[in-house]
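J.:
This is the structure in structure tokens:
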């Protein structure tokens, strides 16, 4: 009697384990697109801090960096909520971009520009 029960439990164990560890914590939040973004740039050498407003597709200089906004998104019906922006950041004279990807306002270290002199992070989206 015990052996058939043990065999049944072993046969069901993978399914039970999968159900037990299924990740249900990830939810997609509906977002809206904004027409622009406010970024903050820091020159670590001089300590200068500068806010930059960019429109979608616009490029601005921060020292020898060229910062281009692809798009900015924010939680639907909450423009002051957690913004995230797709940026391309290039250094003058360097073919490979210094950064390409999404930066998130609430978690700037999650996806950050790795540069010896400059820091750039997202503050908020602009409409």
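Residue numbers (mature numbering (1 follows the signal peptide of the UniProt record, and there is no 0)): -19 to -1, 1 to 108. All C-beta atoms in this analysis are idealised placements derived from N, C-alpha and C, irrespective of residue type, glycine included. Computed from a predicted structure; not experimentally measured.
For residue 94, name the three-state secondary structure that DSSP assigns.
T.: It is coil, neither helix nor strand.
J.: Any idea what DSSP makes of residue 107, helix, strand or coil?
T.: Residue 107 falls in the strand class under three-state DSSP.
J.: If you drop the 5 nearest sequence neighbours on each side, which residues of the same chain put their C-beta closer than 7 Å to that of residue 84?
T.: Result list for residue 84: 65, 66, 68, 92, 102, 103, in chain order.
J.: Let me know the secondary structure DSSP gives residue 13 once reduced to three states.
T.: It is a strand residue.
J.: Among 76, 20, 89, 26, whose alpha-carbon lies nearest the alpha-carbon of residue 35?
T.: With distances taken between Cα atoms, residue 35 lies closest to 20.
J.: Is DSSP giving residue -3 helix, strand or coil here?
T.: Unreliable positioning characterises residue -3 in this predicted model, as indicated by a pLDDT of 48, which lies under 50. The coordinate reading is nonetheless provided below. Reduced to three states, the DSSP call for residue -3 is helix.
J.: Measuring only the C-alpha atoms, how far is residue 90 from residue 10?
T.: About 21 Å.
J.: Since I believe residue 60 is in contact with residue 108 (beta carbons under 8 Å), could you give me their beta-carbon distance rounded to a whole number of angstroms?
T.: With a Cβ gap of about 7 Å, residue 108 and residue 60 count as contacting.
J.: Evaluate residue 25 with the Cβ neighbour count: other Cβ atoms within 10 Å of its Cβ, from every protein chain shown; 16 or more gives buried, anything less gives exposed.
T.: Looking at its Cβ environment, which holds fewer than 16 other Cβ atoms inside 10 Å, residue 25 is exposed.
J.: Please confirm whether residue 13 and residue 58 have their CB atoms less than 9 Å apart.
T.: Yes. Within cutoff.
J.: Rounded to the nearest angstrom, what separates residue 99 and residue 41 at their Cα positions?
T.: Near 14 Å, if we compare the C-alpha coordinates of residue 41 and residue 99.
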